[in-house]
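To start, the structure under review is shown below, and the notes come after it.
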Amino acid sequence: MRNVSADEALIQMEHIVKEYLLGGQVIRALNDVSLLVRHGEFVAIMGPSGSGKSTMMNMIGCLDVPTSGRYVLDGVEVSTLTEDEMAYVRNQKIGFIFQNFNLLPRMTALENVELPMLYMGIPARERRERALEALERVGLKDRIHNRPNELSGGQQQRVAIARAIVNRPSMILGDEPTGALDSKTTEDILALLHELHEQGNTIILVTHDAEVGAHAERVIHFRDGRVESDSLFAYEGES
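Numbering (full-length UniProt numbering) for the sequence shown: 1 to 239.
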């Protein structure tokens, strides 16, 4: 693991094991994984199908709990939390971006972005102000009243990113966030993520796409449930 102080660490994972029972057989999806991620890093988690990267995303995103091991997220030991406590941590500390956007079709862009705040009981006026600010940050100030079917794929992903940042989370976690987009729109979305990173946001992308991974400053490769390599890079943008 990298030498990172407790104050710098956003994610601290120690000896994480995740096992599933499949057809009477125990499958070990993660095998003694230890990992540290600092506040403000831009990380890509990569690996082939079955490597453990999706299971790792579920662990990082508090969507699942380890069979054994310790996970501390932003000072909170999440590996011992109840389901309700985990849900609170997810909403408070993690902004999710999914491949298929996961927008509610009957809601406008503004209403979709307001949703995470609704669950936290934030007053309507503040919800609207913060949602408008988030949509402006992603370049969709003029699309706030459009529903998902009135938006392009890239615009829908921008709405999803606005929703991810509106609660001012500790990190933005993307699961193949450009997988449903064409190459030009992919570059636009990655450029937006770089802007958010430069503003101090921690970004973690789970991807199989090497071109997407090349945009990160740190790339962690998984294979057979273990960290195969962990490399730092200096991303310099398009040449």
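Yeah, the Cβ is synthetic: ideal placement off N, Cα and C, and Gly gets one too.
Relative to the C-alpha of residue i, which residue among the options is closest?
i, options, result
"L205", "V159, R218 and E8", "R218"
"K18", "F42, G52, A191 and L36", "G52"
"residue 284", "I16, Q99 and E41", "What the structure shows of the chain is the stretch from 1 to 239, and residue 284 is not part of that stretch, so it cannot be assessed."
"Q12", "L118, M56 and A29", "M56"
"A160", "V89, R128 and F96", "F96"
"Q92", "S79, F98 and L118", "L118"
"G69", "L173, S152 and E14", "E14"
"E111", "Q99, F98 and R125", "R125"
Do you know how far the Cα of residue j is from the Cα of residue i?
i, j, result
"P105", "G24", "40 Å"
"E133", "G225", "40 Å"
"F101", "P123", "25 Å"
"S34", "M120", "32 Å"
"A9", "L140", "33 Å"
"A162", "V113", "6 Å"
"P116", "T82", "20 Å"
"D64", "K184", "34 Å"
"L190", "E129", "26 Å"
"I203", "S79", "21 Å"
According to DSSP, simplified to helix, strand and coil, what is residue i?
i, result
"L10", "strand"
"R147", "coil"
"T202", "strand"
"L104", "coil"
"F233", "coil"
Could you tell me if residue i is buried or exposed, where buried requires 16 or more neighbouring beta carbons within 10 angstroms of its beta carbon?
i, result
"T178", "buried"
"Q155", "buried"
"S170", "buried"
"S239", "The predicted position of S239 is uncertain, since its pLDDT is 42 and thus under 50; no value can be drawn from it."
"L22", "exposed"
"Y20", "exposed"
"D142", "exposed"
"R168", "exposed"
Problem set entry | Stretch-stretch touch, CB-based, cutoff 8 Å, three pairs: the segment 140 to 159 with the segment 100 to 120 | Touching, per the Cβ criterion.
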